[in-house]
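A.B. asks:
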Amino acid sequence: MLELEHSIIFVGGKGGVGKSTTASALALMYAKMGKKTLIISTDPAHNLGDIFHQELNGKKTLLLENLWGIEINPESETKQYIKEVKSNLKGMIKSKMVDEVHRQIDMASSAPGAEEAALFDRMVSIILEENLHFDKMIFDTAPTGHTIRLLTLPELMGVWMDGMLERRKKTNHNYTQLLNDGEPVEDPIYEVLQKRRERFAKVRSILLNKKETRFLFVLIPERLPILETEKAVELMSKHGLDIQSLIVNKVLPDEADGLFLKKRKEQEKDYIQLMEKKFKKQELYKVPLLEEDICSMKHLESIVHYLKKEVLGGV
């Protein structure tokens, strides 16, 4: 069960299965329960603003009572990230090298992975800073592959930073022995690296804390989403991140009739049985396909109704 004690919930899954709707409904559900809730979209193709009929950006915006929203813009985050990198180097390099170093950094900003690094840095800041101010933080993530890369970055970056710190430490030791008469060398770059390493370690500790953080994936009763979710469960498990809950979205309701829907329901039944077989370690919650598109708060509240019934047992 998605116990009320979990303060951070990541909602992932294949594109088009209803991640944003599910994340929004969860956030609305907790807000209505009196929980101070923040919903954050890390998906470049943001849907939160459309769902809540409000313009969102990188700053907290009040959506409803007890509910705030953020849409992280990778492009603006990359610019801010590069600005901070330049600021960290200020005073650490010779003035005649500043222009060349800045040019290299600007070139790196357009390299593959730069936006992902900036997005990750923003996510780290939100988790560490906002966790103290909210009862619930719901992350509406990008499609599966992007989500897995983002969530495994604290571990990978931690290993990389350890290597950087060790090399820097050896360099400082050599300088101390050769140039500084045995006196320790002041190294502001080492201090910056150490602080970033500590941030990554804190976030990884939070992500691995099963009482604090929950990973929930959304899928629909079709073959490809099932296969993709199975791969996601396996990949995340290798990094110590367990997907504990699955929401099976858009399940045909019993009242759906007609020969066409009858055949679809028969196939759907087989897929649900397959999910129950494949995902024995995960809790499965079913949300029906509604008659209309989710385009208003009334529709979203219908999803909340089913989530409360399934996830919280009607609490």
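For the sequence shown, the positions run 91 to 405 when my numbering is used.
Idealized CB from N, CA, C, for every residue including glycine.
All figures in this text were calculated on a predicted structure; none of them were measured in a lab.
1. Only counting runs of 4 or more residues, tell me where the alpha helix (DSSP H) segments fall wholly within the region 110-190, in order along the chain.
2. Nearest CA to the CA of Asn164: which residue from Ile172, Leu157 and Trp158?
3. Look up Met326 in the DSSP assignment and give the residues it is bridged to.
4. Note down the Cα distance separating Thr319 from Thr231, rounded to an integer number of angstroms.
5. Taking 8 angstroms as the threshold (C-beta atoms), are Leu152 and Ala121 in contact?
6. Under 8 angstroms, do Ile316 and Gln372 count as touching if we go by C-beta distance?
7. Among Pro134, Phe229 and Glu145, which residue has its Cα nearest to the Cα of Ser97?
8. Just the C-alpha distance for Leu309 and Glu219, rounded to the nearest angstrom, thanks.
9. Does DSSP put Glu205 in a helix, in a strand, or in coil?
10. Tell me, which residues are paired with Met227 by DSSP?
11. Take the Cβ of Glu358 as the centre, count every other Cβ of all protein chains shown within 10 Å, and call the residue buried at 16 or more, exposed below.
12. With respect to the beta strand (DSSP E) encompassing Glu345, which residues constitute its N-terminal and C-terminal limits?
13. Which residue wins for smallest C-alpha separation from Met123, given the options Leu380, Leu374, Asp225 and Leu349?
14. Alpha carbon to alpha carbon, what distance is there between Asp189 and Lys398?
15. First and last residue of the beta strand (DSSP E) that includes Phe307?
16. Could you give the distance in angstroms between the alpha-carbon of Val275 and the alpha-carbon of Glu256?
17. Quick one: is Asn339 buried, meaning 16 or more other Cβ sit within 10 Å of its Cβ, or exposed?
18. Give me the Cα-Cα distance between Arg313 and Ile362, rounded to the nearest whole angstrom.
19. DSSP three-state call for Ser335: helix, strand or coil?
20. Report all residues from its chain with a CB closer than 7 angstroms to the CB of Lys406; omit the five preceding and five following residues, and keep chain order.
21. How should Ala135 be labelled, buried or exposed, when 16 other C-beta atoms within 10 angstroms of its C-beta is the threshold for buried?
22. Of the residues Ala346, Leu146, His389 and Glu206, which one's Cα is nearest the Cα of Glu167?
23. Rank Glu382, Phe210 and Thr242 by C-alpha distance to the C-alpha of Leu417 and give the top, closest one.
24. Return the CA-CA distance between Leu222 and Ile130, expressed in angstroms with no decimal places.
25. Find out if the Cβ-Cβ distance for the pair Leu390, Leu118 is shorter than 8 angstroms.
26. Alpha carbon to alpha carbon, how far is Met227 from Asp140? Give it in angstroms, no decimals.
27. Tell me, please, which residues DSSP counts as bridged to Glu400.
28. Across which residues does DSSP place Gly103 in a beta bridge pair?
29. Counting only the same chain and skipping the five closest in sequence on each side, list residues whose C-beta sits under 8 angstroms from that of Met365.
C.D. replies: Taking the geometry as given:
1. Qualifying alpha helix (DSSP H) stretches, in chain order: 138-142 and 164-179.
2. Residue identity check: residue 164 is Pro in the sequence provided, not Asn. Answer by Cα proximity: Ile172.
3. For Met326, no pairing in a beta bridge is given by DSSP.
4. Thr319 and Thr231: Cα-Cα distance of roughly 14 angstroms.
5. At the C-beta level, Ala121 and Leu152 stay beyond 8 angstroms of one another.
6. No; because the gap between Cβ atoms is not below 8 angstroms, this pair is not in contact.
7. Considering only Pro134, Phe229 and Glu145, the residue with the shortest C-alpha distance to Ser97 is Phe229.
8. Going by the C-alpha atoms only, they are around 31 angstroms apart.
9. Glu205 carries a helical assignment under DSSP once its states are collapsed to helix, strand and coil.
10. DSSP output for Met227 lists Ile98 and Leu128 as bridge partner(s).
11. Glu358 counts as buried, since at least 16 other C-beta atoms from the protein chains shown sit within 10 angstroms of its C-beta.
12. According to the DSSP assignment, Glu345 belongs to no beta strand (DSSP E), since it is labelled neither H nor E.
13. Nearest option by C-alpha distance: Asp225.
14. Spanning the two alpha carbons is a distance of roughly 57 angstroms.
15. Looking at the DSSP string, the run of the beta strand (DSSP E) that includes Phe307 is Thr303 to Leu309.
16. Low per-residue confidence applies at Val275: pLDDT is 48, beneath 50, and the placement is therefore not dependable enough to give any value.
17. Asn339 comes out buried.
18. When rounded, the distance between both Cα atoms is 10 angstroms.
19. In the three-state reduction of the DSSP assignment, Ser335 falls in the strand class, which pools E and B.
20. Only positions 91 to 405 of the chain appear in the structure, and residue 406 is not among them; the question remains open.
21. In this structure Ala135 is exposed. Its beta-carbon is surrounded by fewer than 16 other beta-carbon atoms within 10 angstroms.
22. Nearest C-alpha to Glu167 among Ala346, Leu146, His389 and Glu206: Glu206.
23. In the structure as shown, the chain starts at 91 and stops at 405, and residue 417 therefore has no counterpart that could be examined.
24. Distance between the alpha carbons of Leu222 and Ile130 is about 15 angstroms.
25. It is a contact, given that the beta carbons lie within the stated cut-off.
26. Straight-line Cα distance between these residues: approximately 19 angstroms.
27. Beta-bridge partners of Glu400 (DSSP): none assigned.
28. Beta-bridge pairing links Gly103 to Val308.
29. Taken in chain order, the residues that qualify are Leu309, Pro311, Ile316, Leu336, Val338 and Leu374.
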